[in-house]
Amino acid sequence: MRTGLASALIVLAVSSAGVSGCSDQTKSCDVPAYLLTSDSTLSRVASVVKAGGPLNILVVGSRSSTISGAEGEAYPVKLQAALREKLPGVPVNVAVELTPRKTAGDVASGLGKLVAARQSTLVVWQTGIVDAIRSVDIDEFREALDEGVTALRNAGADVVLMNMQYSPRTETMVSMNAYIDNMRLVAQQRDVPVFDRFTIMTRWNERGEFDLFSPVHGASLAKRVHSCLGRALSTFVINTARINSAEPEARRQ
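Residue numbers (numbering that gives the first Met the number 0): 0 to 252.
(1) Leu-78 and Val-48: beta carbons closer than 8 angstroms?
(2) May I have a chain-ordered list of the alpha helix (DSSP H) segments no shorter than 4 residues that lie completely inside the stretch 34-122?
(3) Roughly how far, in whole angstroms, is the beta-carbon of Ala-107 from the beta-carbon of Ala-143, given that I think they are within contact range, below 8 angstroms?
(4) What's the call for Gln-74, buried or exposed, on a 16-neighbour Cβ count within 10 Å?
(5) What is the rounded straight-line gap between the Cα of Ser-42 and the Cα of Met-175?
(6) Can the beta-carbon of Leu-82 be found less than 8 angstroms from the beta-carbon of Ser-233?
(7) Would you decide whether Asn-162 is buried or exposed? Buried here means 16 or more other CB atoms lie within 10 Å of its CB.
(8) Give me, in chain order, the residues of the same chain whose beta-carbon lies closer than 8 angstroms to that of Thr-25; leave out the 5 immediate sequence neighbours on both sides.
(9) Among Ile-56, Asn-204, Ile-128, Val-159, which one has its Cα closest to the Cα of Ala-115?
(10) May I have the straight-line CA-CA distance separating Gly-104 from Glu-139, to the nearest angstrom?
(11) Just to confirm the assignment, what range does the alpha helix (DSSP H) spanning Asp-138 have?
(12) With a CB to CB cut of under 6 angstroms and the five nearest residues on each side skipped, what residues in its chain are close to Phe-235?
(13) CA-CA distance, Pro-167 and Val-148?
(14) When the Cα atoms are used, what is the spatial distance from Pro-192 to Ile-199?
(15) For a quick check, are the C-beta atoms of Asp-130 and Tyr-178 less than 8 angstroms apart?
(16) Can you check whether the CB of Ala-80 is closer than 8 angstroms to the CB of Arg-117?
(17) Where does the unbroken alpha helix (DSSP H) through Asp-195 begin, and where does it stop?
(18) Report the rounded CA-to-CA distance for Arg-230 versus Glu-84, giving the unit in angstroms.
(19) Could you give the distance in angstroms between the alpha-carbon of Val-173 and the alpha-carbon of Val-91?
(20) Whole angstroms is fine: what's the gap from Pro-31's alpha carbon to Asn-238's?
(21) Mind checking Gln-188: buried by the 16 CB within 10 Å criterion, or exposed?
(22) Run through DSSP, which three-state label would Asp-190 get?
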């Protein structure tokens, strides 16, 4: 029963990402400044950008990191495009490692090897939803996050933790707040930034920019929200690394 529920909710989470009112043309889906930075810094990212790159980023996460049949429109691709625009002269490469139906504990032990294989400067670790669906013990979840962050840092990478996406339908069936709060706790203890996707999407929903209650979500809508997330995440990376986006261009001249 729990496995079937997990499968259904993962599919729901992906389809619910399709939202309206968030197109590139309208320049909507604004995000408050406080959600686009962190007191924690991305020092390795800053050093790599200052040296001229390449900036290799690895996104590790569930299927909500992609769009079925339109992978080129998913937020990691949009993140890469936005960073290349903001960091002229710095090679930026964003890769994706999908870990569908895996908890934080399932993924944590292999993160160090992923960094070594990909030579990643930054890892964006998107996690939490599978743990919440399976009601994983919250202490185990917190310990897994701590293990993963430690492994990533020991492998020489900066880390951004990303929580789950907001979906009113999923929220009625799954309690996520404890997992979100404990991710923030680990981030504070380990001094790593959190890209608060859940709060960002909740805000968009409350402002009426999303129709997350609609039972019908097309691929075009999914593309819009991924575009929004990719742009927001690029700004978060720039701000959290304390990078002046004019610096790479100035260095070239």
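Note that beta-carbon positions come from the ideal geometry of N, C-alpha and C, so glycine has one too.
In this structure, then:
(1) no
(2) Taking only runs of at least 4 residues, the alpha helix (DSSP H) segments lying wholly in the stretch 34-122 are 42-49, 74-85, 103-107, 110-117.
(3) Confirmed, Cβ separation roughly 5 angstroms.
(4) First, the amino acid is wrong: residue 74 is Tyr here, not Gln. That one is buried.
(5) Roughly 30 angstroms between the two C-alpha positions.
(6) yes
(7) buried
(8) In this prediction, Thr-25 scores a pLDDT of 41, lower than 50, which makes its location untrustworthy; the coordinate-derived value is nonetheless stated afterwards. The answer is none, since no qualifying residue turns up.
(9) Ile-56
(10) 8 angstroms
(11) 137-153
(12) Leu-35, Phe-194
(13) 29 angstroms
(14) 15 angstroms
(15) Result yes, Cβ atoms of Asp-130 and Tyr-178 sit closer than 8 angstroms.
(16) no
(17) Counting along the chain, no alpha helix (DSSP H) covers Asp-195, and no H or E run does either.
(18) 11 angstroms
(19) 36 angstroms
(20) 13 angstroms
(21) exposed
(22) coil
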